[in-house]
Amino acid sequence: MRRQTEEWYPTGIQVAGEKKIKIESRRRQQKHGVLLRCVYLYLCMVGTILTFRLDIGMKFRVLPVAGVLLLFVLLAILKSIWRPWGRWVYRGAYLLIFLTGGLGWKHLAAGWQAAENSIRHQLSVYYGVTLAEKTPLLSGERGELLLIVIFALFFWSMETAVVRKGRAGLLVASEILIVLLELMCGCRFLQPGIFLIGGSLLALLAMGQNHGVSNQRILYRSGLWAGGLVLCLSLLAGPAGSMLAKQTNGWNEWLYQKVQKKTSEISRAMESQNGLFGNHNPTADGSLNNYPVEQKDEIDLTVHTSGKPVHNMYLRGFTGGTYQGNYWSGVDQKDFADAFSEADSGWQVQNILYRYIGSRSSEGEGTVTVTRENPGGDYGYIPYGCAVPDDENVQADGCYASAGKEISYQGYVNWTEWMDPQPSKDAESEIESAYREYVAKEYLKVPVEGLDRLRSYCEQQNLQSVQEVIDFVVRDVQEGRTYSMDLEPVPADRDFAEYFFFDQKKGYCIHYATTATLMFRLLGVPARYVTGYVVTPEEFTEDGDGYTAQVPDTQAHAWVEVYRSGKGWIPVEVTPGYQENTGGNENQEVTGEESTLTPEPTAEQSQEATPELTETPQPEQEEVSLTPESENGQGTEEQETNTENGSGEQRPEGIGHAFLKLFVILLILVGLAGGSVGIVALRRKQILQERNSCFFQKDINRGICEISYAIYGIFQDAKEAGVLQEVPEQNDDREFARQTEKILPWMEEGTYTAIVELVERASFGPDPLTKKDRTRCYQFYESLEQQFWTQMPKQKRSWWKYMKAYKTS
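Each position in the sequence shown, counted from 1, maps to that position plus 326 in my numbering.
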């Protein structure tokens, strides 16, 4: 385009005559902006999809979701180019999505359940709790349709604000919220998705808003540079991500331990040793407090068996792995997954007892059906001697977490009849042989601090066999202690178990089971804390096809499991009043497993059953005791190094490790440098936007005054940069203008004075000035920017362009 220069342009600042001016049409700018912003918005959402899939562990397929989302992005671009038909196609696509979601509502519900199960599993692994996964509504449903609908709506809600207006703040806030929720779920963000999110948001912020920005080239360049940064980070995160994650595993584990420690402290502060919620039922999970169990004598379970039980039936729910002082955390599923890579390892381990009984029983299997009426936890409450189903509800070697209404188990109701008193010389299976070592490593752990009196008490005992340990613990934990639910709160500085055993000397099942589990571990016998329900034989009544028992909430209970090599986890009853009568004295003393359901081998036989006891358990305790930083079975980086080497010496790193560390350091430095450049660019963009909004505000007179203030600021900055030797004193505006014209040789006389006259009219005149007058002042301001830039020393140009945010072209 060509435009005739106005006659009032001052000579020396503008060239008289005709001048070529490169103007990009608003429509073309809009097309470019829509294209770039749509691309970055799409990459941001793809990054979010990848974090859902790779970091949270949701099982949907990424390509269908990303592909459909890409279709909507292309339609959004088409809508801005092909009018008005593009808009109708865009609306039709969303109408089709809504119709598909409405017709496939069952798939949406099943997808929601699949997503919920994935989040429940992630929370269970990270926090060491047990959240049962719900039974799928539709087999094979992974949740693709649900995510397509969600992200299509997400894109539609962000398209107007982000793509059309360039306002990325809402998207930034939404992504921050999503990332925070993922962090609460335990995501470590080791995959490239987080780079796509961060880089795309940086690109959108760098492009800024459409409204009020005159120099669109700055925005396009910022967007393109930011896009290149996104691409580089993604390429680096792809091939190098796994290698970097492996090499920085020590840092990640250290951070993970710190987070877990803080999480434990928060849990203690919230729940306290006495329980924050008075109606909480401690026999439903691993919480420990001195509140009485809330019992309403309501039916929690209905149990139907094919045969009449002759012993107490224990229904296992929560399984505690690590003692935290005021609660038991669930078994560590992460450690178990690291030790056993097979997908069905948990199922195999939990069925060791079932396979052992099956190899010895001469009778066929029976059926036990557990109907969940209103139980205290989301568990399958599986009876001992029965097979654990092979499905997604198996939680490592701990519990079977199923919230199904009715669950049938195959197994042996009277499994204790087939227990061999002789120790198992051979492993039950190959995985059981490896599991023995895992048991000795994980289930002898006790906290280093807080159990000084109990540890000293156990160290004074001289016990040589597992049988002696069981007899001692069962007898000693009951002697001189009374079963009671009328308890005083545990003092804040006291340990739950020690306060029960040494001070208060009264409690109920959770007190006996917790203390006994710790004593077993201190004496070298692997043990776990378990809660669930106990059903006596007298509660079963015969019906048409078997025997049925109604299990009320008063039968909720806690007990101990002791590991027997080749046999698995065996329940040991330690709470007075729950042992079975054998026809003798009603106050008969309970000793060993003979009075707790299973006969136990003699002292000589027990010596062959490893890893149940060592003759000197004290050194063993030191090896397996937990430090405060490794209560969840996580070692420090130094311990991991020593374990890998097999000795206390560290291996030399080698050239490869040195180069890799150097690469990581360089990558960090590049990231810091890129982040600093991005912050400076964003700051410059923001200053330009604010300056333009002041210049071109609705009040034209006020805008001209703002331009006048900015012109004086340019003179001050030019003096600081060394372009101007001095700036005249500002006693009078017109005199200041005349002196400035004399100082600047390239500014002809009367140029600045004419601008000052306009400013005086804008400030003091009765009539408003025109847009043409404001344009004249602004073009004078721009000419000053360019003239000073051409005379600027090279070492000052970056300061002028980025710190002072003046235009250079």
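Beta carbons are placed, not taken as given, at the ideal position from N, Cα and C, and that holds for glycine.
Exposed unless 16 or more other CB atoms sit within 10 angstroms - verdict on residue i
i, result
"residue 368", "buried"
"residue 805", "exposed"
"residue 502", "exposed"
"residue 402", "buried"
"residue 533", "buried"
"residue 624", "exposed"
"residue 937", "With a pLDDT of only 34 at residue 937, under the threshold of 50, the placement of this residue in the model should not be trusted; the figure read from the coordinates follows. By the 10 Å Cβ count, residue 937 comes out buried."
"residue 495", "exposed"
"residue 726", "buried"
"residue 655", "buried"
"residue 817", "exposed"
"residue 781", "buried"
"residue 1002", "exposed"
"residue 1122", "buried"
Residue i (DSSP reduced to helix, strand or coil)
i, result
"residue 447", "helix"
"residue 832", "strand"
"residue 643", "strand"
"residue 868", "strand"
"residue 709", "strand"
"residue 627", "strand"
"residue 878", "strand"
"residue 883", "strand"
"residue 895", "strand"
"residue 487", "helix"
"residue 905", "coil"
"residue 1004", "helix"
"residue 493", "coil"
"residue 736", "strand"
"residue 478", "helix"
"residue 653", "strand"
"residue 610", "helix"
"residue 952", "Bear in mind that a pLDDT of 32 at residue 952, under 50, signals an unreliable position, so the number given afterwards is only what the model happens to contain. Residue 952 falls in the strand class under three-state DSSP."
"residue 853", "strand"
"residue 1009", "helix"
"residue 816", "coil"
"residue 369", "helix"
"residue 859", "strand"
"residue 1109", "helix"
"residue 807", "coil"
"residue 387", "coil"
"residue 1028", "helix"
"residue 698", "strand"
"residue 943", "Only weak support is given to the placement of residue 943: the predicted model assigns it a pLDDT of 36, under 50, and the question is left unresolved by the model."
Inter-residue CB distance, residue i and residue j (contact presumed, cutoff 8 Å)
i, j, result
"residue 697", "residue 627", "7 Å"
"residue 714", "residue 740", "Actually they do not touch by this definition, with Cβ atoms about 19 Å apart."
"residue 366", "residue 529", "5 Å"
"residue 474", "residue 391", "6 Å"
"residue 472", "residue 441", "7 Å"
"residue 420", "residue 478", "7 Å"
"residue 647", "residue 707", "In fact, because the Cβ distance is near 19 Å, the residues do not count as touching under 8 Å."
"residue 662", "residue 651", "The pair is not a contact, with the Cβ atoms about 23 Å apart (cut-off 8 Å)."
"residue 723", "residue 675", "4 Å"
Own chain partners of residue i with C-beta closer than 6 Å, once the 5 adjacent residues on each side are dropped
i, result
"residue 1053", "1041, 1045"
"residue 1112", "none"
"residue 634", "873"
"residue 1037", "1107"
"residue 933", "With a pLDDT of only 34 at residue 933, under 50, the local geometry of the prediction cannot be trusted, and no value is derived from it."
"residue 889", "765, 852, 895"
"residue 1102", "none"
Chain-order list of residues whose beta-carbon lies under 8 Å from that of residue i (same chain, five-residue window excluded)
i, result
"residue 1026", "1088, 1094, 1095, 1096, 1097, 1099, 1100"
"residue 867", "873, 874, 875"
"residue 1081", "1034, 1037, 1063, 1102, 1103, 1106"
"residue 506", "none"
Cβ shell of residue i (< 7 Å), same chain only, five flanking positions each side left out
i, result
"residue 798", "787, 789"
"residue 444", "382, 383, 384, 385"
Residue-level contact to chain C via CB, residue i, 8 Å cutoff
i, result
"residue 361", "The displayed structure is made up of one protein chain only, and chain C is not part of it."
Query raised in the report: Which whole runs of the beta strand (DSSP E) in the stretch 761-800 are 3 residues long or more, in chain order?
Result: none
Query raised in the report: Fully enclosed by the stretch 1036-1090, which alpha helix (DSSP H) runs are 4 residues long or longer?
Result: 1059-1069, 1077-1090
Query raised in the report: What are the complete alpha helix (DSSP H) segments, minimum 4 residues, inside the stretch 406-431?
Result: 411-429
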